[in-house]
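Below is one structure, written out as structure tokens; comments come after it.
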């Protein structure tokens, strides 16, 4: 591990600590191993009247206002690690690339784009390698799409009521939305002459885990992208630089980062991730395998912990909704713990397999209230209650936690996660 | 990358010296290993497509190709030689496809385990800093959705023994991932299976015997059975 710094690989523990300085208050122990450092920084200074002096000149690289210090919430369990998007901080639907969540299984590799090659082989007529320049020369496609880790929300699901001091970031911060640009995978598969008898392909990463997942060929012929850009610029190292697989609407783990190899076959490969990890135990002694699709889900991001409402009156309840099956068609809000529901407004654009922003004006009377959101998608799927999910999957199922979340607003305005 | 190169198999096993200069050369099986007869995949294996699924896939392929039908064939990229493919092709199938020649005994695996693995996984695979590797559920039940007392281990949950070989070879040990030659990987796989009561202490593993090991949880897995629409599953 000593040469990680030279390799630009895994961050040191000190980096990690530094990275979370300034993180908003987090619930006690809700994210095991979360590094917290509550060294308050002095508040930045600004002139009394900014109109009375010349401002700064343009800079080659912009940065946030010194008053804005959003941070990902980092959890390091080497070699497995993650960081979470501060969902309560964001507006609209696009996640700034430096706040996009991370999930790694062998750290972030340092890859020279000039030496990068993608190898495609197996059940193909012409096994080929493609350089980054080759990939960029193909006709490109850009899509705004969400990416969510299928373990997102697990702590809240499995520890019902134990962590009222959970922010949206802690609870569900493993989801983000970006504009992804790259080559449609079907174009590459046509180039190499993918044989009709190929039913699966293996996607392999270039990280220390040389991480692999088997993906059904159907996804390649549909909407899979070999992506090299995110929100207009090359992928961030932690998002797969220089090239990642992107599978819209599917669990994040299958969108293999630092993609180096695609091997076409007539059966899945049964890798570690798709057997011992990303499978869903079910009641009755079975487990669901290759459960790629992310079902409809919504989450209120305001008002939520650690927010405290300043008093009764008009407040706008805000949040995001998404579904891996297509478009969100409806989001409903309840302010009385699920007895009554009213439609929220969906902010355009409402794109398939993408976060959608919802809003609902709420005239708070100052008494205790329980806020909930419930999404419906174009397939008629309605975001289930926790009880419905428990009945279908069992108490300790792993992955795909899309149950309705609720938030308790106390009469003093303090908001807590309420299961 | 230096770690990978120095710990890699002797050059004669990598097939060519050109491959040895490559950036991330890993031990490469010669073609002979690839030609081993492929054991039958068990009929219930999730992911084997039935006739209806094959038909749906053919239709999806046709639609996909129609979407890009207006685009020319570009001819970008370069042909990948068999040596180029072999330098990276390390995946092992559930049928054993891709397993390299070599073998390893439980006994040797135990020695290697003490040197390389014990720190993270515990003396007997019980887990310490990282996940547990060993343990069975009484009666080989599979209660994981409803009962938190049992741990997910190789013996209680992993459906294919080949996965163990594949993962150890590509990603372990943590301090020098991908550095173990095939004999060591066979030995460690054998020892971990023995810890789980799936091999005897005098046993060994090779490309023929490994894919024939029947894991207790093999038949516990079903392909995604959510069918779309309003149903919550």
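Protein chains in written order, with my numbering: chain A, 18 to 436; chain B, 1240 to 1472. In this text, a Cβ means the ideal position worked out from N, Cα and C, and glycines have one as well. All values derive from a computational prediction rather than experimental measurement.
Asked                                                                                                                                                                      : Found
Does the beta carbon of residue 446(A) sit closer than 7 Å to a beta carbon anywhere in chain B?                                                                           : Nothing can be reported for residue 446(A): it is not among the residues displayed for chain A, which extend from 18 to 436.
By the 10 Å Cβ neighbour count, where 16 or more other Cβ atoms means buried, how is residue 1433(B) classified, buried or exposed?                                        : buried
Distance cutoff 7 Å, beta carbons only. Does residue 98(A) sit that close to anything in chain B?                                                                          : no
Residues of the stretch 136 to 158 of chain A in Cβ contact with chain B at a cutoff of 7 Å, in chain order, please.                                                       : 136, 138, 143, 144, 145, 146, 147, 151, 154, 155 and 156
In the structure shown, what three-state DSSP assignment does residue 293(A) receive?                                                                                      : helix
Can a CB atom of chain B be found closer than 7 Å to the CB of residue 254(A)?                                                                                             : no
Residues of chain B with a CB under 9 Å from the CB of residue 309(A): which are they?                                                                                     : 1463
Buried or exposed for residue 70(A), please, with buried defined as at least 16 other CB atoms from any protein chain shown within 10 angstroms of its CB.                 : exposed
Taking a Cβ distance cut-off of 8 Å, strictly less, list which residues of the stretch 175 to 204 of chain A are near chain B, in chain order.                             : 201, 203 and 204
How big is the Cα-Cα spacing for residue 1294(B) and residue 224(A)?                                                                                                       : 36 Å
First and last residue of the beta strand (DSSP E) that includes residue 1296(B)?                                                                                          : Run containing residue 1296(B): none in the beta strand (DSSP E); it sits in the alpha helix (DSSP H), 1290 to 1306.
Would you mind giving the Cβ-Cβ distance between residue 205(A) and residue 137(A), rounded to the nearest angstrom? I have them listed as a contact below 8 Å.            : 6 Å
With 16 other CB atoms within 10 Å as the buried threshold, where does residue 267(A) fall?                                                                                : buried
Please check if any C-beta of chain A sits within less than 7 Å of the C-beta of residue 1296(B).                                                                          : yes
So what does DSSP say about residue 1378(B), is it helix, strand or coil?                                                                                                  : helix
Output needed for residue 431(A): all residues of its chain with C-beta closer than 7 Å, excluding positions within five of it in sequence on either side, in chain order. : 325
Compute the distance between the beta-carbons of residue 183(A) and residue 1462(B), then report whether it is under 7 Å.                                                  : no
Any beta-carbon of chain B closer than 7 Å to the one on residue 287(A)?                                                                                                   : yes
Name the DSSP bridge partner or partners of residue 419(A)?                                                                                                                : Looking at the DSSP assignment, residue 419(A) forms no beta bridge with any residue, so it has no partner.
Which residue from 364(A), 226(A) and 250(A) puts its Cα closest to that of residue 4(A)?                                                                                  : Look at the range of chain A in this structure, 18 to 436, and you will see that residue 4(A) is not part of it.
In angstroms, rounded to a whole number, what distance separates the CA positions of residue 1423(B) and residue 1430(B)?                                                  : 10 Å
Going by the CB atoms, is the gap between residue 304(A) and residue 1471(B) shorter than 7 Å?                                                                             : no
Buried or exposed: residue 1264(B), going by 16 or more other Cβ atoms within 10 Å of its Cβ?                                                                              : For residue 1264(B), the predicted model reports a pLDDT of 35, less than 50, meaning its position is unreliable and no value from the coordinates is stated.
Nearest chain A C-beta to residue 1399(B) closer than 7 Å, yes or no?                                                                                                      : yes
Tell me whether residue 1318(B) sits in a helix, a strand or coil according to DSSP, three-state version.                                                                  : strand
Give the range of the beta strand (DSSP E) segment to which residue 163(A) is assigned.                                                                                    : 158 to 165
Taking 7 Å as the CB-CB limit, is residue 306(A) close to chain B?                                                                                                         : yes
Below 8 Å on the Cβ atoms is my contact criterion, and I expect residue 1405(B) with residue 288(A) to pass it. Report the Cβ-Cβ distance as a whole number of Å.          : 7 Å
Quick one: measure Cβ to Cβ for residue 350(A) and residue 388(A), integer angstroms, because I've assumed they're closer than 8 Å.                                        : 7 Å
List, in chain order, every chain B residue whose beta-carbon is nearer than 9 Å to that of residue 405(A).                                                                : 1471
Does the beta-carbon of residue 1336(B) have 16 or more other beta-carbons within 10 angstroms, so that it is buried, or is it exposed?                                    : buried
State the beta-bridge partners of residue 332(A) as determined by DSSP.                                                                                                    : 379(A)
If I follow the unbroken beta strand (DSSP E) through residue 171(A), where does it start and stop?                                                                        : First-last for residue 171(A): 171 to 175, but that is the alpha helix (DSSP H), not the beta strand (DSSP E).
Does any residue of chain A have a CB that is nearer than 7 Å to the CB of residue 1410(B)?                                                                                : yes
Check each candidate in 254(A), 255(A) and 271(A) and name the one with the smallest Cα separation from residue 262(A).                                                    : 271(A)
Assign residue 477(A) to buried or exposed, taking buried as 16 or more other Cβ atoms, counted over all protein chains shown, within 10 Å of its Cβ.                      : Residue 477(A) is absent from the structure shown; chain A starts at 18 and stops at 436.
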